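Colleague:
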Amino acid sequence: MRLARLLTLGLFVGGTTVLAAQIPTRRQAPGTQVANSPRLLVGNPHTFTAADSASSVALGEAIRNKVEKAANGQFRLLEREDMNRALVEFGYPADAILGFIPLRDLGRSLGARAIIYSTLTKDANGRFSVTSRLAGMTDEAGTVVSAAQGAGQNIAAVGDKIAEGFAPAFKSWADAKACIDQAKNAPDKATQAAKKALNAMPKNGLANYCMGTLALARGRAADSAEAMRYFAVAVEGDPLSLAAWTQLAAGYEASADTAKMINALSQMLRIAPTNQPLRELVFKKFLQAGKPEAAEQVADEGLRLDPGNIDLIELRANARIFRENYAGALDDLEQIIALDSARADTTFFLKYLATADIRPDTARYLSYGSRALKKFPGNATLLKLVAGGYSRLGASDSLLNTLGALLTVDSASAVGFALQEAKNRQDAKDYVRADPFIAFAAKYGDAQAKEGAASFMLQGAVPLIQSQNWQVAVDTLRAIKALANPTGRLAPIANYYSALALVNLIVAKDQEAEKSKSCDAARAVETFTTEAEQSLAGSQAYVDGPGASQKGTWEQLTRYVSGLKPRTASMIRVYCK
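Just so you know, the sequence shown maps onto residues 0 to 576 in numbering that gives the first Met the number 0.
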């Protein structure tokens, strides 16, 4: 069965800078170095605790001192002094202990063609263990060497052991590279070069990887099986080869070997926990295999060694989101910015708030929504996200303030949110809390938005009519008529209800005028009557059309208002002397 190429990854690419030309290399004795040999950068081993920094620096120098001899002229070694000069120029302190990506970038800037990256751990007895990887800057695989400190052994001796362990890799380096260089255009020569490298070092990661890709290119089932054997040996020589593990994972998936596929995918996450496309792909594969917890287990393993490793905490956060453990993911995201406040950028807040909104965590959303807008007050994307969340959580006051901020950067969206919130409140029969959002849309919206605001106000006015709250109904309907398009759909409806409410006010005020013989009450009846006549005239289109069922009531109101005018005039003559 042919090995399926189901998993793919991108490689980082980068260039060198003029800084490379400024850095001299260690002077060699005559005859011990090829004049044009590529540069080799040896970084100080990465350690998980600051207390071990001095040991890391000492170990890094010990490896440099010994690896020069082991390289046997294959490379020109960058000295500690020169590396420190470059570190300072790039804003790092001398003898800085860098993670893999910063070290790789520094190496590129210095024109290095290969780097040795190491990690340093300490056991319960205080003894160090180191794992070092030698690989070309663009190579898919390299060589890993590990060594442990013996009882009473000086740390420099551990560095010597690491450097000596790379001797076979240096010896087979040129042949392994020749395989890669010739694989496409001269596969037979590439095979010969790889075999020569493997004779010198059977577990050379790059040579085995090259042989695996050559076998894949032949395309037969037997060749796929052969390729898998080479890739398996490649990861024995270089357990940190992402490319080799990728090929193995694809092969295991193609052969339905779920257990081995999960193991390969887990190793890929250990190697590249921050590679988001890889994470998404691996999470899906874990889910399909019925092992959604595997990614979180990978992160937990690393965090037991290095509790403050932000990359692993981020990996766990993503794994928890994938498993719908949103509270746990929020815990991780909060831990990240507690460890490094610079991570609290717009991307962080977007991710945090989106996570808090899936299974709403009101307290956290309100807290971090406020923090996000305080730090990035003019960010339209954040403002919209926070506004949407506040709306769903029912945080009216916070939402209104946020819409005020959004108004300055995207007024149309701010008004749209206000209208939607007005609708949400009215759908919940919460007319009072809808009012501020209607007012917001009415004040800042365009003609269409004002018509929308008028529509919501009209919905709020109907309960006032039903509860016979005539004065408030009249006031509300006046505001609606001021907003609505006079020739639109809403104005005639508002006029009809306005006439209805006004007539009821007139009845009460007429009785008051007669009983108390009040000039003011009589004048009020006259004013209401004039307004009612205008409203009745303005509602003609409604009762002649969609409101035809109200035509009888409208005619009664019209007759009442017309017949009232002589009586009102008489009361004014009598009461207003």
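Each residue gets a CB set at the ideal place from its N, CA and C atoms; glycine is no exception. Because the structure is a prediction, the values reported are computed rather than measured.
1) If you draw a straight line from the alpha carbon of Y579 to that of N324, how long is it in whole angstroms?
2) Could you tell me whether the Cβ atoms of A288 and L268 are closer together than 8 angstroms?
3) Expressed to the nearest angstrom, what Euclidean distance is found between the alpha-carbon atoms of A233 and T118?
4) Do you know how far the Cα of A263 is from the Cα of Q152?
5) Output yes or no for whether 8 angstroms exceeds the beta carbon distance between A433 and A421.
6) In chain order, what residues of the same chain have a beta carbon less than 8 angstroms from the beta carbon of V473, not counting five sequence neighbours either side?
7) Could you check if Q181 is buried or exposed, using at least 16 other CB atoms within 10 Å of its CB as the buried criterion?
8) Nearest-angstrom Cα distance between Y91 and L77?
9) Using three-state DSSP, classify G164 as helix, strand or coil.
10) Which class does I115 belong to by DSSP, given the choice of helix, strand or coil?
11) Span of the alpha helix (DSSP H) holding A623?
12) Measuring only the C-alpha atoms, how far is E252 from M260?
13) In or out: N184 buried (at least 16 other Cβ within 10 Å) or exposed?
14) Can you tell me whether DSSP reads F127 as helix, strand or coil?
15) Ordered along the chain, which non-local residues of its own chain (more than five positions away) have a Cβ less than 6 angstroms from that of E235?
16) Between the Cα of D429 and the Cα atoms of D445, P462 and T46, which residue gives the shortest distance?
17) Closest to A123 by C-alpha separation, out of A150, L418, Y443 and S369, would be which residue?
18) Could you tell me the distance, in whole angstroms, from the CA atom of L372 to the CA atom of R84?
19) Only counting the same chain, and skipping five residues up and downstream in sequence, which positions put a Cβ closer than 7 angstroms to that of N378?
20) From G387 to T401, what distance separates their C-alpha atoms?
21) Mind reading off the beta-carbon distance from Y355 to Y367? Whole number of angstroms is fine, and I expect it under 8 angstroms.
22) What did DSSP end up calling K183 once you bin it into helix, strand or coil?
23) Looking at A69: is its Cβ nearer than 8 angstroms to the Cβ of F165?
24) Going along the chain, which residues of its own chain have a beta-carbon closer than 8 angstroms to the beta-carbon of K374, five neighbours each way excluded?
25) I'd like to know whether the C-beta atoms of M136 and A168 end up nearer to each other than 8 angstroms.
26) Whole angstroms are fine: how far does the CA of E67 sit from the CA of Q32?
27) Applying the criterion that 16 or more other CB atoms from any shown protein chain within 10 Å of the CB defines a buried residue, is I464 buried or exposed?
28) Give me the Cβ distance between V144 and P238, rounded to the nearest whole Å; I'm assuming they're in contact under 8 angstroms.
29) What residue ranges within the segment 70-116 form continuous alpha helix (DSSP H) runs of no fewer than 4 residues, ordered along the chain?
30) Following the continuous beta strand (DSSP E) through T142, name the residue where it begins and the one where it ends.
31) Using the rule of at least 16 other Cβ atoms within 10 Å of the residue's Cβ for burial, across every protein chain shown, is K576 buried or exposed?
32) Compute the beta-carbon to beta-carbon distance between I161 and V129, rounded to the nearest angstrom, for a pair I have assumed lies under 8 angstroms.
33) In its own chain, which residues sit with a C-beta less than 6 angstroms from the C-beta of R358, not counting the 5 before and 5 after it?
34) So, do the segment 97-111 and the segment 36-46 have three or more beta carbon pairs nearer to each other than 8 angstroms?
35) Where does T120 sit, in a helix, a strand or coil, going by DSSP?
36) Spatial neighbours of K284 within its chain, please: C-beta separation below 6 angstroms, excluding the five flanking residues on both sides.
Modeller: Reading it off the structure:
1) Nothing about residue 579 can be read from this structure; the chain reaches only from 0 to 576.
2) Cβ distance not < 8 angstroms, so A288 and L268 don't count as in contact.
3) Here the alpha carbon of A233 sits roughly 20 angstroms from the alpha carbon of T118.
4) Taking the straight line from one Cα to the other gives about 35 angstroms.
5) A433 places its beta carbon less than 8 angstroms from that of A421.
6) Closer than 8 angstroms at the Cβ level, and outside the excluded window around V473, lie S497, A500, L501 and L504.
7) Buried, because 16 or more other Cβ atoms sit within 10 Å of the Cβ of Q181.
8) Going by the C-alpha atoms only, they are around 17 angstroms apart.
9) In the structure shown, G164 sits in a helix (DSSP, three-state: H, G or I).
10) The answer is strand: DSSP assigns I115 an E or B state.
11) This structure leaves residue 623 out entirely; the chain is present only between 0 and 576.
12) The C-alpha of E252 lies about 6 angstroms from the C-alpha of M260.
13) Exposed, because fewer than 16 other Cβ atoms sit within 10 Å of the Cβ of N184.
14) Under the three-state reduction of DSSP output, F127 falls in the strand class.
15) Within the same chain, E235 has close Cβ partners K202.
16) Checked all of D445, P462 and T46; the closest Cα to D429 is P462.
17) Among A150, L418, Y443 and S369, the Cα nearest to that of A123 is on A150.
18) Computed Cα separation, rounded: 41 angstroms.
19) Excluding sequence positions up to five before and after N378, its CB lies within less than 7 angstroms of the CB of T345, all in the same chain and listed in chain order.
20) Each residue's alpha carbon lies about 10 angstroms from the other.
21) In the sequence as displayed, the identity of residue 355 is Ala instead of Tyr. Right, their Cβ atoms sit about 7 angstroms apart.
22) Coil at K183, not helix or strand.
23) Going by C-beta atoms, A69 is nearer than 8 angstroms to F165.
24) Sequence-distant partners of K374 (beyond 5 residues in either direction) whose C-beta falls short of 8 angstroms from its own C-beta, in its chain, are A343 and F348.
25) It is not a contact, given that the beta carbons lie outside the stated cut-off.
26) Note that Q32 has pLDDT 47, beneath the 50 cutoff, so the model's placement of it is unreliable and the number below is only indicative. Looking at the two C-alpha atoms, the distance is approximately 10 angstroms.
27) Label assigned to I464: buried.
28) Wrong, their Cβ atoms sit about 11 angstroms apart, outside the cutoff.
29) Counting only runs of 4 or more, we get 79-88 and 99-108.
30) Segment T142 to A147, the beta strand (DSSP E) holding T142.
31) The residue in question, K576, is exposed, as its Cβ has fewer than 16 Cβ neighbours within 10 Å.
32) About 6 angstroms separates the two Cβ atoms, so the contact holds.
33) Cβ neighbours of R358 beyond the five flanking positions: Y325.
34) In short, these stretches touch, since the Cβ pair count reaches three.
35) T120: strand per DSSP, three-state reduction.
36) Sequence-distant partners of K284 (beyond 5 residues in either direction) whose C-beta falls short of 6 angstroms from its own C-beta, in its chain, are L264.
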